[in-house]
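First residue of the sequence shown: 1217, per the working numbering; consecutive thereafter.
From the three backbone atoms N, C-alpha and C, an ideal C-beta is built for every residue, glycine too.
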Amino acid sequence: MEVQGAPPDRIKPAEKQRVSAAAEPAVRYRGWKSMPYVIGNETCERLGTMGTTANLLVYLTTVFHMDSVRAATFINVFSGTSNLAPLLGAFLCDTFLGRYNTLAAASVASFVGMVLLTLTAAIGSMHPPPCASASSACQGPTHWQLSALLASFAFLVVGAGGIRPCNLAFGADQFDPRTDSGRRGIASFFNWYYFTFTVAMMISDTLIIYLQSNVNWAIGLAVPAALMGLSCALFFMGTRLYVRVRPEGSPFTSFAQVLVAAARKRSLPAPASADDLFDPPHHSKLVTKIAYTDQFRCLDKAAAVVTPEDAVILGADGRTTAAANPWRLCTVQQVEEVKVLARIIPVWSSSIGYYVVLTQLGTYTVFQAMQTDRRMGRFEVPAGSLIVFNMLALTVWIPVYDRAVVPALQRFTGREGGISQLQRVGIGLALSVATMVMAAAVEQRRRSASGNMCWAWLVPQQVVQGISEAFSAIGLNEFCYNQFPENMRSVAGALLLLGLGVGSYASGLMVNVVHRATGWLPQDLNRGRVDLFYLVVGAMAMANLAYFLVCARWYRSKRTDGGDADDESPATNGHDSNRLIKATNDA
C-alpha cells in the first residue's frame, strides 16, 4: 500500500501496518441477517452433491455399463481427487482469492458439473443404450460419452476444492468474534451447520437416491442439480451483507521458508543451544508461542544467526523484530511450527490405511446389497442408501459417548475427556479390524444364500463402522486441531482430507491388484470371494493399528511457553465439536 508523499520502499514495516490499519474501513458484521443465505447455500449444496456422489457407483454400473472393478476404481479416483483438491483450494483462498471469491467460483463450478452429469442421463446420445437383454453383453460408453462424464466430474472436483475448506469458516466470518453476542452467534451457527448437515445427508441418502434408483436417473439427477442452482442463487443474493475477510497469506510459505533456510545452512554445525537462535518477541494474541523442542535439530539451522546475510530489522526500541530475508533466517516460532507438522505426519499417515478400510467396505457393501433381497413389501431399499445406518450409528453414539461414556471414564481415569485423543483413535482403528472380520462373515453367509439373503444382514457392519469413525476419524481431527498452532488449523483440515484422498487412490489400486492377482472381485460377486478380500483388508487394518501404536508411543505433545501440553485439551465443546469434525470430513 502506498502513502502519499513518501516513496513506498522507504516506509518502515511498522509504519505500513499503522497506515493500513488506519485506512481499513470499519467492518459491519450482519450476523444472523446473512445466515439465511449462508446456511441456505450450504444446505442446498449438500443436498445437491451428496446424494449424487453417494449413488454414483450404481449410476456407472447400471447406466454406463461399467464392470464393478472399473466403476470402483473410477469412484475411488474421483473421491481421492475431490479430497486432494481442498489442499490447493485452501492455499489459493488464503493467499490470493479470499473465502467469498473461492466459494463463489466453486459453487458455480459445482452447478455446472451437476448440470453436465444430469445431461449424461437425460440425453440418450450421452450414455450407452440399454442392454438388449439380461443375458447379452451390454455396450459400454464411447470416448465422447466418457469425456462428457469426466468433464462433469472435473467441475465437481473444482467445486469440492473450493467449498470444503471454506464454507464453515465463511459462515463464522459473519459474526464479530470480539463480542459476546458474536461468539454466541458463532456457536449457534455451528449448531445449525451440524443440524443441516445431518438432515441433508439423510434426505440425500434416502429420497434422492430413491428417485435415482427407482424412478428415473434423469429426474434423480435433475433434482440435486436444481438444488445446487438454488444454492448458487442464495449465495449471491446475500453478497451485500457478507463480511469478506481478506487473504492473510498461506502458512505453506512459512513452511517453505524454514526448509529453504535450513537447506542453505545444512553444512553449518547445529546451534549449541536455543539461546543462539533468532527468537524475537512474540506479539500475536491469536497464535500461542510454542516452546522450543530438541527434536529435528537440523531444522534449528533455519533460525541460527551465523552469517552476515542474516541481517535483521530493528524496531524503534532497538529490539529485533524481523529478518531482512525470511528465506535465509526464520524465527524459532516458524521452526517449531514445522516441527509440529513433522511430528504429526507419522500419526496422520495411519489415517491413510484407515480410510482404505472404510472405502473398501463402503464400495463393496453397495455391490453386496445389489445381490440381496432388498424388498420391504412393495418398496425396494436402494443399494446406495445403506450408508444411512452408518450415519445413524454415528449420530446416536456421539451423544451417548459425550454424555455417558466420557463422564464415566473421567471418574475412572481422572483425565479430562476420559481418555486421550490418541487412545480414542486407537480404539477406532481396533474397531475397523472388527468391522472387516464381521463383513467377511456376512459375505460368506450371503454367498451361501445365493442372493436370497435379506439386506438387513449388512446393517451391523455399517453400525460398527459408524462407531469406529466416531472414535478414530473424529479423534484424529480433534488431535490435529489441538496440536496445530492456531494459524495452521486450516492446514490441519486440509491434511486430513489429504489422508482421505490418498486412501481413496490406494483403495482403487488395491482393487485392481487383488482382482488381477486372484480374480476374487468379478462382476457377479457370487462367483468371487469378496469374503477373502475383506480378510485381506482386515489384515491390513491390523498392521495399520500396530503401526499407529508405535507412532503414538513416539509422539511428543506440543507445549507452549507456559509449559502446558495441549494433547488432552478439548478442541471445542463435546458433542458440537464431534459433529463439526464429522461434517467437515463428509461434506
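Check: Around the Cβ of Trp1360, are there at least 16 other Cβ atoms within 10 angstroms (buried) or fewer (exposed)?; Outcome: exposed
Check: Return the Cβ separation of Leu1545 and Lys1517 in integer angstroms, given the expectation that the two are a contact with Cβ distance under 8 Å.; Outcome: Their Cβ separation, rounded to whole angstroms, is 10 Å, which puts Leu1545 and Lys1517 out of contact at 8 Å.
Check: Would Ala1416 and Arg1262 qualify as a contact pair, given that the criterion is a beta-carbon distance under 8 Å?; Outcome: yes
Check: Rounded to a whole number of angstroms, what is the C-alpha to C-alpha distance between Ile1635 and Tyr1253?; Outcome: 39 Å
Check: Which of helix, strand or coil does DSSP assign to Thr1776?; Outcome: strand
Check: If we ignore side chains and look at the alpha-carbon of each, how far apart do Gly1593 and Met1669 end up?; Outcome: 16 Å
Check: From Ala1478 to Ala1519, what does the alpha carbon distance come to, in whole angstroms?; Outcome: 8 Å
Check: I'd like the ranges of any alpha helix (DSSP H) spanning at least 4 consecutive residues and lying wholly in the region 1600-1685.; Outcome: 1603-1616, 1622-1629 and 1637-1665
Check: Consult DSSP for Ile1419 and reduce its assignment to one of helix, strand or coil.; Outcome: helix
Check: Select from Ala1599, Ala1620 and Leu1741 the residue whose C-alpha is nearest the C-alpha of Gln1660.; Outcome: Leu1741
Check: How many Å lie between Cys1260 and Gly1644 at the Cα?; Outcome: 31 Å
Check: Where does Asp1589 sit, in a helix, a strand or coil, going by DSSP?; Outcome: strand
Check: Taking the beta carbon of His1499 as the centre, do at least 16 other beta carbons fall within 10 Å, making it buried, or is it exposed?; Outcome: exposed
Check: Is it true that the region 1342-1353 meets the region 1298-1314, where meeting means three or more beta-carbon pairs spaced less than 8 Å apart?; Outcome: no
Check: When you compare only the Cα positions, how much space is there between Phe1468 and Phe1307?; Outcome: 8 Å
Check: Within 10 angstroms of the Cβ of Gly1356, are there 16 or more other Cβ atoms? Answer buried if so, exposed if not.; Outcome: exposed
Check: Alpha carbons only, please: which of Tyr1617, Gly1682 and Val1554 is nearest the one belonging to Phe1700?; Outcome: Val1554
Check: Can you give me the Cβ contacts of Phe1583 inside the same chain, cut-off strictly under 7 Å, excluding the 5 residues immediately before and after it?; Outcome: Ser1284 and Leu1741
Check: CB Asp1389 to CB Arg1462, shorter than 8 Å?; Outcome: no
Check: Do you know whose CA, among Gly1744, Met1654 and Val1729, lies nearest Val1679's CA?; Outcome: Met1654
Check: Let me check one thing: in DSSP terms, what residues is Ile1291 bridge-paired to?; Outcome: Per DSSP, none; premise fails for Ile1291.
Check: Extract the residue ranges of the beta strand (DSSP E) inside the region 1280-1345, only unbroken runs of 3 or more that lie entirely within it.; Outcome: none
Check: Quick one: using the 10 Å Cβ neighbour count with 16 as the cut-off for buried, is Glu1240 buried or exposed?; Outcome: Here the model assigns Glu1240 a pLDDT of 46, short of 50, so the residue's position is not dependable, and the following value carries that caveat. Counting Cβ neighbours within 10 Å, Glu1240 comes out exposed, since fewer than 16 surround it.
Check: Output the distance between the C-alpha atoms of Ala1624 and Pro1381, rounded to the nearest integer angstrom.; Outcome: 35 Å
Check: According to DSSP, is Ala1507 helix, strand or coil?; Outcome: coil
Check: Nearest to Gln1511 by alpha carbon, out of Val1551, Thr1776 and Asp1495?; Outcome: Val1551
Check: Report the three-state DSSP secondary structure of Leu1493 (helix, strand or coil).; Outcome: strand
Check: Output needed for Tyr1721: all residues of its chain with C-beta closer than 8 Å, excluding positions within five of it in sequence on either side, in chain order.; Outcome: Asn1292, Val1293 and Gly1296
Check: Assign Ala1237 to one of two classes, buried (16 or more other C-beta atoms within 10 Å of its C-beta) or exposed (fewer than that).; Outcome: Low per-residue confidence applies at Ala1237: pLDDT is 41, beneath 50, and the placement is therefore not dependable, though the value from the model is reported in the following sentence. Exposed is the call here.
Check: Classify Ala1353 as helix, strand or coil using the three-state DSSP reduction.; Outcome: coil
Check: Straight-line CA distance for Arg1627 to Met1418?; Outcome: 36 Å
Check: Using the Cα positions of Met1756 and Ser1648, report the straight-line distance between them to the nearest angstrom.; Outcome: 10 Å
Check: Suppose the cutoff is 6 Å on Cβ atoms and the five residues either side in sequence are ignored; what does the same chain contact list for Ala1288 look like?; Outcome: Thr1579 and Val1727
Check: Quick one: Cα of Ile1568 to Cα of Val1718, how far?; Outcome: 6 Å
Check: Spatial neighbours of Leu1713 within its chain, please: C-beta separation below 6 Å, excluding the five flanking residues on both sides.; Outcome: Asn1299 and Pro1302
Check: Which word fits Lys1774, buried or exposed, when buried means at least 16 other C-beta atoms lie within 10 angstroms of its C-beta?; Outcome: buried
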